[in-house]
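For the record, the sequence lines run as chains A and B. Here the working numbering is used: position 290 in the first sequence is 430, and no number is missing along the way. Here the working numbering is used: position 299 in the second sequence is 439, and no number is missing along the way. Using N, Cα and C, we set each Cβ at its ideal position, and we do this for glycine too. If you're wondering where the values come from, they're calculated on a predicted model, not measured in any experiment.
2 protein chains.
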Amino acid sequence: MSTGTFPGLEPYLAQERARVEEALERAVDRVRARLEGHPEIAEAVAHGVLSGGKRLRPILCVAAWTACRERIEVELPGSEPRAPGGGPVEPTTGTSQPTAVYDLASSLEMIHAYSLMHDDLPCMDDAELRRGRPTTHRVHGEAATMRAGAVLIPEAARRALTACEALGCPETSARAATRALLEASGAGGMVGGQWIDLLGEGQSFGAEELDGLHRRKTGALLAASLVVGAIAAGADEARRGALERYGRAIGLAFQIADDVLDATADAETLGKNPSDAALDKSTYVSLYGLAEARRRARAQVDQALGALDDAGVHAPALEALARYVVERGR
Amino acid sequence: MSTGTFPGLEPYLAQERARVEEALERAVDRVRARLEGHPEIAEAVAHGVLSGGKRLRPILCVAAWTACRERIEVELPGSEPRAPGGGPVEPTTGTSQPTAVYDLASSLEMIHAYSLMHDDLPCMDDAELRRGRPTTHRVHGEAATMRAGAVLIPEAARRALTACEALGCPETSARAATRALLEASGAGGMVGGQWIDLLGEGQSFGAEELDGLHRRKTGALLAASLVVGAIAAGADEARRGALERYGRAIGLAFQIADDVLDATADAETLGKNPSDAALDKSTYVSLYGLAEARRRARAQVDQALGALDDAGVHAPALEALARYVVERGR
Numbered sequence: 141m142s143t144g145t146f147p148g149l150e151p152y153l154a155q156e157r158a159r160v161e162e163a164l165e166r167a168v169d170r171v172r173a174r175l176e177g178h179p180e181i182a183e184a185v186a187h188g189v190l191s192g193g194k195r196l197r198p199i200l201c202v203a204a205w206t207a208c209r210e211r212i213e214v215e216l217p218g219s220e221p222r223a224p225g226g227g228p229v230e231p232t233t234g235t236s237q238p239t240a241v242y243d244l245a246s247s248l249e250m251i252h253a254y255s256l257m258h259d260d261l262p263c264m265d266d267a268e269l270r271r272g273r274p275t276t277h278r279v280h281g282e283a284a285t286m287r288a289g290a291v292l293i294p295e296a297a298r299r300a301l302t303a304c305e306a307l308g309c310p311e312t313s314a315r316a317a318t319r320a321l322l323e324a325s326g327a328g329g330m331v332g333g334q335w336i337d338l339l340g341e342g343q344s345f346g347a348e349e350l351d352g353l354h355r356r357k358t359g360a361l362l363a364a365s366l367v368v369g370a371i372a373a374g375a376d377e378a379r380r381g382a383l384e385r386y387g388r389a390i391g392l393a394f395q396i397a398d399d400v401l402d403a404t405a406d407a408e409t410l411g412k413n414p415s416d417a418a419l420d421k422s423t424y425v426s427l428y429g430l431a432e433a434r435r436r437a438r439a440q441v442d443q444a445l446g447a448l449d450d451a452g453v454h455a456p457a458l459e460a461l462a463r464y465v466v467e468r469g470r
Numbered sequence: 141m142s143t144g145t146f147p148g149l150e151p152y153l154a155q156e157r158a159r160v161e162e163a164l165e166r167a168v169d170r171v172r173a174r175l176e177g178h179p180e181i182a183e184a185v186a187h188g189v190l191s192g193g194k195r196l197r198p199i200l201c202v203a204a205w206t207a208c209r210e211r212i213e214v215e216l217p218g219s220e221p222r223a224p225g226g227g228p229v230e231p232t233t234g235t236s237q238p239t240a241v242y243d244l245a246s247s248l249e250m251i252h253a254y255s256l257m258h259d260d261l262p263c264m265d266d267a268e269l270r271r272g273r274p275t276t277h278r279v280h281g282e283a284a285t286m287r288a289g290a291v292l293i294p295e296a297a298r299r300a301l302t303a304c305e306a307l308g309c310p311e312t313s314a315r316a317a318t319r320a321l322l323e324a325s326g327a328g329g330m331v332g333g334q335w336i337d338l339l340g341e342g343q344s345f346g347a348e349e350l351d352g353l354h355r356r357k358t359g360a361l362l363a364a365s366l367v368v369g370a371i372a373a374g375a376d377e378a379r380r381g382a383l384e385r386y387g388r389a390i391g392l393a394f395q396i397a398d399d400v401l402d403a404t405a406d407a408e409t410l411g412k413n414p415s416d417a418a419l420d421k422s423t424y425v426s427l428y429g430l431a432e433a434r435r436r437a438r439a440q441v442d443q444a445l446g447a448l449d450d451a452g453v454h455a456p457a458l459e460a461l462a463r464y465v466v467e468r469g470r
């Protein structure tokens with residue numbers, strides 16, 4: 141099955157993005173209200189969070205939640221998947237998922253936004269552009285951006301806890317979902333990877349180091365997106381594990397596809413700064429060449445789909461999303 | 141009752157600090173293990189966290205937990221205050237509180253450490269000294285310090301969740317305690333206050349702005365220390381509220397005492413950077429003069445003690461700690 145045979149990918153993505161944007165606006169409104177009188181940090185938060193982007197992490201979170209809820213509904217027909225304040229759970233397209241699922245999902249994008257804001261700071265990558273726009277610190281200054289990034293971490297964790305409550309998750313699920321978010325945001329998550337990334341300038345990594353780097357950098361939070369959704373939906377260990385493997389595989393596929401895009405597009409098209417290759421970092425393309433890098437990305441997608449299949453998770457949205465991460469533009 | 145009539149303040153503080161240090165070392169060990177191969181961030185975490193200091197926030201957290209557990213024990217003699225892996229709960233001195241209470245309490249010090257590390261960075265206060273030692277970024281660099289600070293936030297929240305589990309807290313208490321920690325670490329907490337603080341350079345604040353500033357800057361996390369301890373102990377709303385009022389009052393007293401210390405000691409004695417007065421910030425001393433500032437600090441201590449009394453919380457440790465915050469050196 142190719143992306144083309146999934147009939148609604150584009151409308152699905154557009155619709156999911158719209159609901160994620162609404163959730164992010166709610167999150168930013170809350171931060172604004174709490175930072176009343178100190179608009180510098182609040183506006184830096186808004187700039188960093190409401191900056192477009194694919195919103196892949198929250199969309200994956202909702203897709204995982206949906207896939208696991210449907211499964212539970214099928215297996216336990218008497219169960220009640222409707223959440224307080226939300227509509228009924230409908231198959232796959234996710235049109236009428238409860239608002240609280242998007243609030244939960246938005247917590248992952250808040251962590252992602254924090255990591256980008258801090259990555260772009262002068263003492264890290266010193267980036268001027270992100271998605272074709274000036275980076276947050278270029279607009280709102282270094283101090284406000286550093287603060288805003290750090291504020292997003294507790295705000296995201298709080299939001300995850302609250303959303304789990306609103307969804308009526310069992311208490312242990314609320315804690316487990318929040319813990320998964322925190323793990324991916326902390327020492328064991330992307331931070332380690334970003335750091336290796338910075339150290340990697342001017343160094344050459346081998347294939348193993350590069351995989352390890354990207355597993356932590358992109359993979360930890362992508363995998364957490366799926367795990368958080370699965371836990372909140374009450375999925376069993378086997379399905380949580382399958383969705384985590386799916387997440388790690390598409391995270392790696394995503395990073396390889398990024399390297400391929402970097403190697404085949406110029407800065408104007410990308411709307412961002414000189415690529416890793418220009419900074420003399422190891423990339424999948426520099427390591428394997430374009431054709432082999434592409435093959436490896438596709439192999440990761442196959443692995444992701446295999447993980448779903450093994451656990452009996454049949455979710456056209458997740459299947460299409462796996463292909464999307466390597467076939468997308470930026 | 142003066143501090144002198146609380147027989148064991150110094151031994152009590154020494155003993156509590158020792159247990160807090162052990163808990164912080166456990167926390168740092170965990171971060172080190174997870175950042176294996178990336179010692180720069182791990183060492184910045186260790187530098188920022190294991191840097192001495194009064195450990196007032198975790199000590200207050202344990203004292204609040206102890207006071208509320210004792211009360212519950214008295215009121216419900218059949219209840220079981222012993223925590224998994226911990227010894228019996230003994231009165232006030234806290235010698236044999238379970239290890240997990242110190243783990244919970246250490247989460248507040250981790251947030252405090254993050255805030256100091258980020259405050260000292262060049263884009264904020266650009267401080268060279270903290271407690272007589274070079275600041276973390278002077279030793280480990282800006283990038284590692286920024287990362288290390290941000291890593292401490294999810295690590296602290298994770299630790300609070302885990303410690304509540306180990307204490308056998310009711311599920312809702314674990315979430316509520318963690319949420320209180322997150323609230324004080326986020327947009328509604330100290331960050332807003334620190335920001336006003338920075339803006340305050342070269343400005344003059346009135347009494348009201350200054351109180352508002354310090355309530356957020358120092359008060360939010362100090363109050364949270366007590367609230368987290370109280371919630372984890374299963375305290376009712378009235379006692380939680382009383383401990384929060386106590387925390388806000390001693391937070392303000394602490395800050396006034398800091399201004400008094402700044403005005404009466406030189407940089408060498410303080411082991412830190414030029415005082416706020418030297419940076420032309422408003423202080424309680426510049427606003428009220430030394431004698432009135434001291435009177436106001438004592439009035440806050442009285443208010444703190446009144447809050448405990450109103451709620452029937454009789455805890456010599458908390459009473460002595462309230463006096464300690466204004467009578468201490470640095």
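In the DSSP annotation of this structure, the continuous segment of the alpha helix (DSSP H) that includes A/T285 starts and ends at E282 to A306. With at least 16 other beta carbons inside 10 angstroms of its own, B/P198 counts as buried. Only residues of its own chain outside the window of five on either side were considered, and among them A182, V185, V291 and E295 have a CB closer than 7 Å to the CB of A/V171, listed in chain order. By the Cβ neighbour-count rule, A/S365 is buried, with 16 or more other Cβ atoms within 10 Å of its own. Looking from the CA of B/R385, the closest CA among B/E467, B/A370 and B/A303 belongs to B/A370.
The bridge partners DSSP lists for A/L269 are A/P274.
Using a Cβ-Cβ distance cut-off of 8 Å, the region 390-405 of chain A and the region 373-381 of chain A are not in contact, since fewer than three pairs of beta carbons, one from each stretch, lie closer than that value. Counted as a single uninterrupted DSSP element, the alpha helix (DSSP H) harbouring A/L322 occupies residues E311 to S325. Straight-line spacing of the CA atoms in B/G359 and A/P262 works out to 32 Å. Closer than 9 Å at the C-beta level to chain A, one finds these residues of the region 232-260 of chain B: I251, Y254, S255 and H258. Rounded to the nearest whole angstrom, the CA to CA distance from B/E432 to B/D399 is 12 Å. Against chain B, a Cβ distance below 9 Å from A/T318 picks out A297, R298, L301, R315 and T318.
In the structure shown, A/Q440 falls within a helical segment according to DSSP collapsed to helix, strand and coil. 7 Å or more divides the Cβ of A/M257 from the Cβ of A/G148. Under the Cβ criterion (8 Å, minimum of three pairs), the region 245-254 of chain B counts as touching the region 297-311 of chain B.
In this structure, B/R435 is the residue among B/R435, B/D450, B/R379 and B/R157 with its C-alpha nearest to the C-alpha of B/L392. For B/R157, same chain residues with a beta-carbon under 6 Å away, outside a window of 5 residues either side, are R195 in chain order. Counted as a single uninterrupted DSSP element, the alpha helix (DSSP H) harbouring A/E161 occupies residues L149 to R174. Rounded to whole angstroms, A/R273 and A/G446 show a C-alpha spacing of 38 Å. Within 9 Å of the CB of B/T312, the CB atoms of chain A belong to E311, in sequence order along the chain. The beta carbon of A/L322 sits closer than 7 Å to some beta carbon of chain B. Nearest C-alpha to A/E180 among A/A284, A/R380 and A/T318: A/A284. Along the region 266-285 of chain A, the positions whose C-beta sits under 7 Å from a C-beta of chain B are E282 and A283, read in chain order. For B/W205, the closest of B/A167, B/Y242 and B/Y424 by C-alpha to C-alpha distance is B/Y242. Contact annotation: A/R271 and B/A327 have beta-carbon atoms that are not nearer than 7 Å. Per DSSP, A/H187 is one residue of the alpha helix (DSSP H) stretching across P179 to V189. Within the same chain, C304, I371, A372 and G374 come within 8 Å of B/S313 by CB-CB distance, once the 5 residues on both sides are set aside. Taking the CA atoms as reference points, B/H277 sits about 33 Å from A/D169.
In this structure, the straight-line span from the alpha carbon of A/A154 to that of A/L269 is close to 24 Å. For A/V241, the enclosing alpha helix (DSSP H) covers residues T239 to D259. Identification of chain B residues near A/A290 by a Cβ-Cβ cut-off of 8 Å yields Y254, H258, G289, A290, I293 and V331, ordered along the chain. Not a single C-beta of chain A is nearer than 7 Å to the C-beta of B/C201.
With respect to chain B, the C-beta atom of A/V368 has no partner C-beta closer than 7 Å. When C-beta distances to chain B are compared with 9 Å, the residues of the region 163-189 of chain A below that value are R170, V171, R172, A173, R174, L175, E176, G177, H178, E180, I181, A182 and V185, in chain order.
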